[in-house]
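Note sheet for the following structure.
In full-length UniProt numbering, the protein residues as written are 1 to 315.
Shown next as structure tokens:
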């Protein structure tokens with residue numbers, strides 16, 4: 001391409017050297033030896049030389065042909081280069097597609113595995129949620145049933161205690177009677193015993209061992225109350241030289257409840273406060289003509305402490 005451009009520049013320079021003057025056509029400085037020729041010869045030679053050497057059409061044709069040849073060569077090189085680039089791009093595309101497909105297949109396998117695991121986890125979670133809901137409902141039902149049963153059990157326990165103690169209302173418990181004193185005739189013995197003990201007071205005598213309690217059931221509750229009243233009135237009771245005690249017969253549970261008041265009753269006696277036990281296990285205290293009933297020994301203890309504090313402040 002550079003060679004063709006140089007040649008075209010030279011030809012254009014030759015065209016510029018041809019100059020007409022005073023009706024005569026002469027060549028430029030490059031052809032001074034043509035002056036002796038005639039005008040027609042000079043014109044003919046100049047024209048033919050110019051036509052031969054400087055024909056613009058021919059120059060354009062040559063330039064075009066050369067350009068075409070060079071363009072063809074360049075085009076061929078470009079086509080070859082383009083083909084190589086296309087082949088390389090195609091190869092890279094195929095390789096990339098293969099790599100992408102491989103990665104895609106691996107990812108899809110892992111995604112499917114994760115999806116399967118997630119689906120199983122969702123099913124398990126749903127089952128666990130349902131199981132927890134069922135367990136919670138059952139637990140709530142059990143708690144309600146427990147509360148109901150606990151309330152019923154408490155009522156039944158209280159009723160049993162009450163019934164047991166009602167069945168013992170006509171019973172008296174006599175302590176310290178010597179073993180075998182009834183001589184297999186407990187009814188006759190108890191009648192004589194009560195008549196003798198409640199009418200005669202003998203000196204105190206302590207036995208070597210504590211005999212078992214004797215339970216006597218009376219036909220009428222009024223008789224039992226009369227015996228208990230006489231026992232309190234007489235104070236200390238003796239039978240065959242031994243001190244005996246007569247108490248109302250009670251169930252073991254009520255006996256434990258009453259025994260819990262033992263210490264506070266001692267303190268009440270020491271302070272001169274009047275009290276009495278009510279059925280089944282209630283302590284009634286009388287202070288300044290006012291009566292207070294307690295079912296908890298701790299409450300009685302607090303009452304005694306308050307009374308002590310009040311007495312100290314007054315003094």
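Cβ coordinates follow ideal geometry from the N, Cα and C atoms, glycine included.
Given the structure is predicted, the values throughout are model-derived calculations rather than measurements.
In angstroms, rounded to a whole number, what distance separates the CA positions of residue 124 and residue 100? 35 Å
At least 3 beta-carbon pairs within less than 8 Å: the region 241-248 vs the region 154-174: yes
Starting from the C-beta of residue 182, find all residues in its chain whose C-beta is less than 7 Å away, skip the five residues before and the five after it, and write them out in chain order. 189
With 16 other CB atoms within 10 Å as the buried threshold, where does residue 215 fall? exposed
Where residue 292 sits in the DSSP three-state scheme: strand
Identity of the residues DSSP links to residue 243 by a beta bridge: 238
Following the continuous alpha helix (DSSP H) through residue 269, name the residue where it begins and the one where it ends. 262-271
Reference residue 298; option with closest CA among 257, 279, 270, 289: 257
Let's test the definition: count the other Cβ atoms within 10 Å of the Cβ of residue 281 and tell me whether it reaches 16, buried, or not, exposed. buried
State whether the region 257-275 contacts the region 298-308, with contact taken as three or more CB pairs (one from each stretch) at a distance under 8 Å. yes
Run through the DSSP bridge pairs and tell me what residue 277 is partnered with. 283
If you count every other CB in all the chains shown that lies within 10 Å of the CB of residue 290, and 16 or more means buried, which is it? exposed
Please report the Cβ distance between residue 306 and residue 251, rounded to the nearest whole angstrom; I am assuming they are in contact, meaning their Cβ atoms lie under 8 Å. That belief does not hold up - the Cβ atoms of residue 306 and residue 251 are roughly 33 Å apart, past 8 Å.
Is it the case that the Cβ atoms of residue 230 and residue 198 are separated by a distance below 8 Å? yes
Cβ shell of residue 219 (< 6 Å), same chain only, five flanking positions each side left out: none
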